[in-house]
């Protein structure tokens, strides 16, 4: 698999405080990578490092295979666009003037693509309206427009839906999906709003207290969170034979516990187990949400 960004044993210290503790991560090219963690977990610190705003204390990261210590990293980083914490925009300028200013900063004298860019983010009809009069959702989209000015193929967004109203969240979601699907832009999104991420992400990285707890694809996460029945029986071996006859997918948890997946006729299963001399001790339906998965992953006692 080709990666847009990788990190290896990244450490970042601020005095005695350690924000990142040997973090390792992999962002596949073409993905929407949901970088998940509660506030203070280290998400923004990682983003500031890969954007070149700070340097790691230990460890390294790579952008398109180029190490952060290589002299080419500055030119490679031009393939990135980022909105870190709050959008870097001029409030007393119009949307078009903001993009023109960013073009000048990047050394791009041709302004012909500005209207297309504003249309892409849904701000082409704002005319002479100053950014200070924009809604929060419009400002967030303005920030993304500025980050897209250099035509990047890797976009980094730090909590892009934080504080948005429902309409703003929908607009932001549609924009991110459009950038990924139509322009093949890899997107790294840090967020603690898991329900919204689940509508976007193709891959996930779960971070807690500066450490990467787990990385997995959306398909793997769906498998982990799918509906199942936890079956506790008198004989796990006998239950396995019955489940095999029913062609049901299951996972052995212990000698007496099994996780059973798929559509199940509880009556037929109970009778079949009884005929095999296997008694059902308990039967519990389970469907884990993304929030519960994360809490169980990092340890529920930390979030009690």
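Numbering (the numbering used here), first residue to last: 3 to 306.
Yeah, the Cβ is synthetic: ideal placement off N, Cα and C, and Gly gets one too.
{"Item": "Which two residues bound the contiguous beta strand (DSSP E) that contains residue 83?", "Value": "82-85"}
{"Item": "How many Å lie between residue 70 and residue 150 at the Cα?", "Value": "22 Å"}
{"Item": "Drop a sphere of 10 angstroms on the beta-carbon of residue 74, count the other beta-carbons inside from all chains shown, and report buried for 16 or more, exposed for fewer.", "Value": "exposed"}
{"Item": "According to DSSP, is residue 131 part of a helix, a strand, or is it coil?", "Value": "coil"}
{"Item": "Using CA atoms only, rank isn't needed, just tell me which of 94, 116, 189 is closest to residue 102.", "Value": "116"}
{"Item": "Between which two residues does the alpha helix (DSSP H) containing residue 246 stretch?", "Value": "238-247"}
{"Item": "How many angstroms separate the CA atom of residue 284 from the CA atom of residue 259?", "Value": "9 Å"}
{"Item": "Which term fits residue 16, buried or exposed, when burial requires 16 or more other beta carbons within 10 angstroms of its beta carbon?", "Value": "exposed"}
{"Item": "Pick helix, strand or coil for residue 152, following the three-state DSSP scheme.", "Value": "coil"}
{"Item": "Drop a sphere of 10 angstroms on the beta-carbon of residue 255, count the other beta-carbons inside from all chains shown, and report buried for 16 or more, exposed for fewer.", "Value": "exposed"}
{"Item": "Touch check for the segment 137-149 and the segment 186-200: three-plus C-beta pairs under 8 Å?", "Value": "no"}
{"Item": "Under 9 Å, do residue 31 and residue 204 count as touching if we go by C-beta distance?", "Value": "no"}
{"Item": "If you measure between the beta carbons of residue 29 and residue 245, is that distance less than 9 Å?", "Value": "no"}
{"Item": "If you check the beta carbons only, do residue 130 and residue 96 fall under 9 Å apart?", "Value": "yes"}
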